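Right, one structure below, let's go through it.
Residue numbers (the working numbering): 169 to 352.
Here you go:
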């Protein structure tokens with residue numbers, strides 16, 4: 169199945185490097201993480217190049233749902249049990265800080281990318297797992313609630329709702345990148 173981004177946007181393949189260049193940092197991969205890393209480095213005055221084997225935004229990011237969330241499936245309970253509270257708390261806090269950073273960048277740069285603050289949900293048929301996940305997320309400082317009555321076309325007993333998340337059109341970010349990058 170082709171992603172909506174692949175269906176609605178033509179991402180231009182950039183030419184291969186035609187000469188040697190000198191930079192401070194080479195970012196490997198032109199997905200969302202690579203592009204944001206390079207953007208932040210450039211803003212800090214670090215000479216940066218993004219090296220991508222195919223198309224910017226054409227790998228894993230091409231198939232993204234474009235959610236900006238610290239919710240990564242049913243991970244809080246398991247991660248807390250495996251790594252302990254201090255490590256798990258640092259992990260979830262850094263993920264939520266990344267959500268806030270996306271929001272800040274989009275607002276600061278005024279990127280028209282259909283940005284919308286919304287909540288994220290993780291569903292399950294197992295109410296016990298949902299309860300464990302919600303309790304673990306709360307223990308780690310995540311703003312969540314256990315939702316038992318959902319009107320969705322999915323067979324589930326409920327969901328853990330993560331507040332303060334967002335979604336956007338990643339295509340617009342990549343279209344902006346084409347203007348930000350220069351040919352070498």
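Just so you know, even glycine gets a beta-carbon here, dropped at the ideal spot from N, CA and C. In this text the structure is predicted, and so the values were computed from the model without any measurement.
At what residues does the beta strand (DSSP E) containing residue i begin and finish?
i, result
"residue 332", "326 to 335"
"residue 314", "312 to 315"
"residue 283", "Unbroken run through residue 283: none, as it is neither H nor E."
"residue 194", "193 to 196"
How would you write the range of the alpha helix (DSSP H) that residue i sits in, first residue to last?
i, result
"residue 301", "295 to 307"
Is the beta carbon of residue j closer than 7 Å to that of residue i?
i, j, result
"residue 286", "residue 335", "yes"
"residue 260", "residue 291", "no"
"residue 239", "residue 302", "no"
"residue 315", "residue 327", "yes"
"residue 201", "residue 216", "no"
"residue 325", "residue 293", "yes"
"residue 199", "residue 227", "yes"
Which same chain residues, not among the five before or five after residue i, have their C-beta less than 6 Å away from its C-beta?
i, result
"residue 351", "With a pLDDT of 46 at residue 351, under the threshold of 50, the predicted position of this residue should be treated as unreliable, and no value is reported."
"residue 196", "219"
"residue 211", "none"
"residue 247", "256"
"residue 192", "214 and 215"
"residue 182", "none"
"residue 263", "238"
"residue 295", "325"
"residue 209", "193 and 216"
Tell me which same chain residues have a C-beta within less than 7 Å of the C-beta of residue i, skipping the five on either side of it?
i, result
"residue 155", "Nothing in the structure corresponds to residue 155, since the chain is present only between 169 and 352."
"residue 190", "none"
"residue 308", "244, 248, 256, 257 and 260"
"residue 241", "290"
"residue 274", "281, 283 and 336"
"residue 237", "267, 288, 330 and 333"
Under the rule that 16 or more other beta-carbon atoms within 10 Å means buried, what is residue i, buried or exposed?
i, result
"residue 186", "exposed"
"residue 194", "exposed"
"residue 133", "The requested residue 133 does not occur in the structure, where the chain is confined to residues 169 to 352."
"residue 184", "exposed"
"residue 346", "Because residue 346 carries a pLDDT of 48, less than 50, the predicted location of this residue cannot be relied on, and no value is offered for it."
"residue 366", "Absent from the structure is residue 366, since the part of the chain shown begins at 169 and ends at 352."
"residue 265", "exposed"
"residue 272", "exposed"
"residue 305", "buried"
"residue 333", "buried"
With 7 Å as the threshold, decide whether the Cβ of residue i is near any Cβ in chain C.
i, result
"residue 296", "Among the protein chains of the structure shown there is no chain C, as only one such chain exists."
Can you give me the Cβ contacts of residue i inside the same chain, cut-off strictly under 8 Å, excluding the 5 residues immediately before and after it?
i, result
"residue 331", "287, 311, 312 and 313"
"residue 317", "326"
Practice task
Tell me the start and end of each unbroken alpha helix (DSSP H) in the region 207 to 274 that is at least 4 residues and wholly inside, in chain order.
Solution key: If we require 4 residues or more, the alpha helix (DSSP H) runs fully inside the region 207 to 274 come out as 244 to 251.
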